[in-house]
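Residue numbers (this note's numbering): 18 to 437.
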Ligand code: EPU
């Protein structure tokens, strides 16, 4: 297993191009199960999670290949309706094959994904939605078994205790596109990744209105056809490079970004004192003066994304003053706190809050990544820490950041891989 080693202290400068959004791509790959016709998805990042989803599609009978950022999914035959535990348990997004498999094959058996380090992460909203469409559901040996001769459109409220659910909205929307009659999803997630999926489904012949708002209306159709689509840029990767610029007192031009997707992040970083300029497809982030502490609360889109919480905590850990970071999506997503404290940060966790008392400097240390965004947070801290930081378990990073170390190296960072 590899670890990432970072020698802190370099100001990052230059340009970086953002890859396609992982969280848009994964459900879109699941959507290709809704048709026998070929689908071509461009701008696909080469990630561990991308490859897991391609393996799932292959296990179900599709030919699915990634070549130079283009995924091609073909094959008219489905050889299976079972999404196996070994694959689903490694990546929660794979639970999204439930809706399309059921809609297309009238039955689906998909392993329950289980919990993960950022919290329990239930799937009750997925199941509620699929059941409302008329499917019979049972849990057998850790698998959800769903059956329905033809799904029937319905009115479904998908709000949960922490707000709307991205993947539940995706899953139910994908099932409803082939259902008989009209489906109305209330309290739907409004994330840009949900919009990107809806755009692909529309290109495939689905009739969907209201995506990007909390009420999505779907008029079921009998069948869908193939489509070609380019994935939106990854707003979380872009946000991570914005923080990389600020934490190293740098100046980075981040290309292939839709700044409209980063409203809450830009707003908070400007409040802290960042200089941010935007064009239609790029954002330049400059450090010009000492930053101020900020309070951040994560919320569903268009609020501040939970997937940027750990990274902003790195930045606040070396920003003089007290910042309060409140996590409202995954109240237990704080595994990075102890690791940042190993590097000399002063962060105290109190329930869903982290109280960050900014210190003058961090010192490099061996730290352990617990999940994808925690890994990014530790790499960011390493960029500014005195001395060497080694981040182990970097397979988490490989799940969601395409060539992070190469991109950071191009900006001047001293970062490399070593065997553990
Ligand atoms: N929830 C339920 N019941 C459900 C589903 C979710 O109570 O059936 C709760 C969750 O426990 C959480 C909240 O609803 O408190 C929101 O979870 P959501 O379902 O929106 O999360 P998700 O769809 O499983 C996606 C992203 C996550 C991201 C969240 C929130 C993908 C593949 N994953 O997960 O991304 O944190 O939305 O924006 O799209 C990441 O990329 O690092 C990552 C974890």
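Beta carbons are placed, not taken as given, at the ideal position from N, Cα and C, and that holds for glycine. Predicted model, so just to flag it, every value in this text is computed and none were measured.
DSSP on residue 365, reduced to helix/strand/coil?
As a first step, residue 365 is located in the chain shown; it is residue number 348 there, counting from the start. Strand.
Residue of 97, 106 and 136 minimising C-alpha distance to residue 123:
Your numbering for residue 123 matches position 106 in the chain shown. Its Cα nearest to that of residue 123, the residue 97 stands out among 97, 106 and 136.
To which residues of the same chain is residue 411 closer than 7 Å at the C-beta, ignoring the five residues directly before and after it?
By 1-based counting over the chain shown, the position of residue 411 is 394. Excluding residues within five positions, the ones whose Cβ falls inside 7 Å are 19, 20, 21, 386 and 392.
Please report the distance separating the alpha-carbon of residue 264 from that of residue 301.
Here residue 264 is taken as the residue at index 247 of the chain shown, counted from 1. Here residue 301 is taken as the residue at index 284 of the chain shown, counted from 1. Near 14 Å, if we compare the C-alpha coordinates of residue 301 and residue 264.
Thinking C-alpha only, which one of 126, 370, 87 and 366 is nearest residue 73?
In the chain shown, the residue the question calls residue 73 occupies position 56. Nearest of 126, 370, 87 and 366 to residue 73, Cα basis: 126.
Given this structure, state the Cα-to-Cα distance separating residue 389 from residue 252, to the nearest angstrom.
One-based indexing of the chain shown puts residue 389 at position 372. One-based indexing of the chain shown puts residue 252 at position 235. About 15 Å.
Assigned secondary structure, residue 392 (DSSP; H/G/I helix, E/B strand, else coil):
Residue 392 sits at position 375 when you count from the first residue of the chain shown. Of the three classes helix, strand and coil, the one that applies to residue 392 here is helix, per DSSP.
Would you please state the rounded distance, in angstroms, between the beta carbons of residue 224 and residue 238? I believe it to be under 8 Å.
Start at 1 with the first residue of the chain shown, and residue 224 comes out as number 207. Start at 1 with the first residue of the chain shown, and residue 238 comes out as number 221. The C-beta distance from residue 224 to residue 238 rounds to 6 Å, short enough to fall under 8 Å.
Among 128, 361, 37 and 331, nearest to residue 404 - alpha-carbon criterion
Indexing the chain shown from 1 puts residue 404 at position 387. Out of 128, 361, 37 and 331, 361 has the C-alpha closest to the C-alpha of residue 404.
Are residue 326 and residue 344 touching if we call contact CB-CB under 7 Å?
On the chain shown, residue 326 is found 309 positions in, with the first residue counted as 1. On the chain shown, residue 344 is found 327 positions in, with the first residue counted as 1. In this structure, residue 344 lies closer than 7 Å to residue 326 by Cβ.
Along the chain, where does the alpha helix (DSSP H) containing residue 141 start, and where does it finish?
As a working note, residue 141 is residue 124 in the chain shown. Residue range 141 to 149 is occupied by the alpha helix (DSSP H) that includes residue 141.
Would residue 114 pass as a contact of residue 89 if the rule is Cβ separation under 7 Å?
Taking the first residue of the chain shown as position 1, residue 114 is located at position 97. Taking the first residue of the chain shown as position 1, residue 89 is located at position 72. The beta carbons of residue 114 and residue 89 sit no closer together than 7 Å.
Please report the straight-line C-alpha distance between residue 34 and residue 151, rounded to a whole angstrom.
One-based indexing of the chain shown puts residue 34 at position 17. One-based indexing of the chain shown puts residue 151 at position 134. Spanning the two alpha carbons is a distance of roughly 44 Å.
Kindly indicate which three-state DSSP category residue 246 falls into: helix, strand or coil?
On the chain shown, residue 246 is found 229 positions in, with the first residue counted as 1. Residue state, collapsed to three classes: strand.
How many angstroms separate the CA atom of residue 168 from the CA atom of residue 288?
Counting from one through the chain shown, the residue named residue 168 turns up at place 151. Counting from one through the chain shown, the residue named residue 288 turns up at place 271. Rounded to the nearest angstrom, the two C-alpha atoms are 48 Å apart.
Considering only heavy atoms of ligand 1, does any lie closer than 6 Å to the CB of residue 182?
By 1-based counting over the chain shown, the position of residue 182 is 165. Distances taken from the Cβ of residue 182 to the heavy atoms of ligand 1 include one shorter than 6 Å.
CB residue 243 to CB residue 55, shorter than 7 Å?
Position 226 of the chain shown holds residue 243. Position 38 of the chain shown holds residue 55. A contact, by the Cβ cut-off of 7 Å.
Minimum C-alpha distance to residue 310 - residue among 157, 346 and 339:
As a position in the chain shown, residue 310 is number 293, starting the count at 1. The shortest CA-to-CA distance from residue 310 to any of 157, 346 and 339 is the one to 339.
Relative to ligand 1, is the shortest distance from any of its heavy atoms to the C-beta of residue 31 smaller than 6 Å?
Mapped onto the chain shown, residue 31 falls at position 14. It does not: the Cβ of residue 31 is nowhere closer than 6 Å to a heavy atom of ligand 1.
Can you name the start and end residues of the alpha helix (DSSP H) that residue 216 belongs to?
Here residue 216 corresponds to residue number 199 of the chain shown, with the count starting at 1. Its alpha helix (DSSP H) spans residues 209 to 220.
Looking only at its chain, what residues have a beta carbon closer than 7 Å to the beta carbon of residue 436, apart from the 5 residues adjacent to it on each side?
Position 419 of the chain shown, counted from the start, is the residue given in the question as residue 436. For residue 436, where only same-chain residues beyond five positions count, the Cβ hits under 7 Å are 19.
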